[in-house]
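Taking it in order: structure first as structure tokens, then the write-up.
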Amino acid sequence: MEGETMAEASRRHREASTRGIENHFNKLQKLLEAEHNWKKIVDARNKAGFTEELPDNKEDDERQLLGEIMEAVADIADMHINVPNLTLEQREAMLNVDQNRIFDKLRAILYVKKEHKDL
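The numbers in the UniProt record's numbering rise by one with no breaks, and the one at position 57 of the sequence shown is 57.
What follows is the structure in structure tokens.
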């Protein structure tokens, strides 16, 4: 600025730089806090066993779900070959987490279709 000494200009520049660094530091702190909160959410989802992802592309999700359904159906068919005379409840108890999730979805879809057909 006009009329200020070199010492005053240096002090003003140093103060402005300090404020800029503090603002930058505060933004970084907020980003770190957001990352920490995000990790807590992900950890809580994982701990709760929540495996279903939010759909990014519905078409891809449907293809993936169809593939998982086909694998689950094949696994269930293999159970019948490997261990005959099991009840549905016994077979359901043998399913892993992913197979059980797919089985529950299929069951829900079939119930809705049956109820809709009955109306």
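Cβ coordinates follow ideal geometry from the N, Cα and C atoms, glycine included.
Assuming residue i and residue j make a contact with CB atoms under 8 angstroms, what is their CB distance in whole Å?
i, j, result
"Phe103", "Glu92", "7 angstroms"
"Leu106", "Ile69", "7 angstroms"
Below 6 angstroms CB to CB, which residues in the same chain sit around residue i once its five sequence neighbours on both sides are set aside?
i, result
"Gln90", "none"
Quick one: what's got a C-beta closer than 8 angstroms to residue i's C-beta in the same chain, skipping five residues either side?
i, result
"Asn100", "Glu92"
"Lys27", "none"
Report the option in the options whose CA atom is closest to the CA atom of residue i.
i, options, result
"Glu71", "Ala16, Lys30, Ala34, Asp98", "Asp98"
Does chain C have any CB closer than 8 angstroms to the CB of residue i?
i, result
"His24", "In summary, chain C is missing from the structure at hand, where a single protein chain is found."
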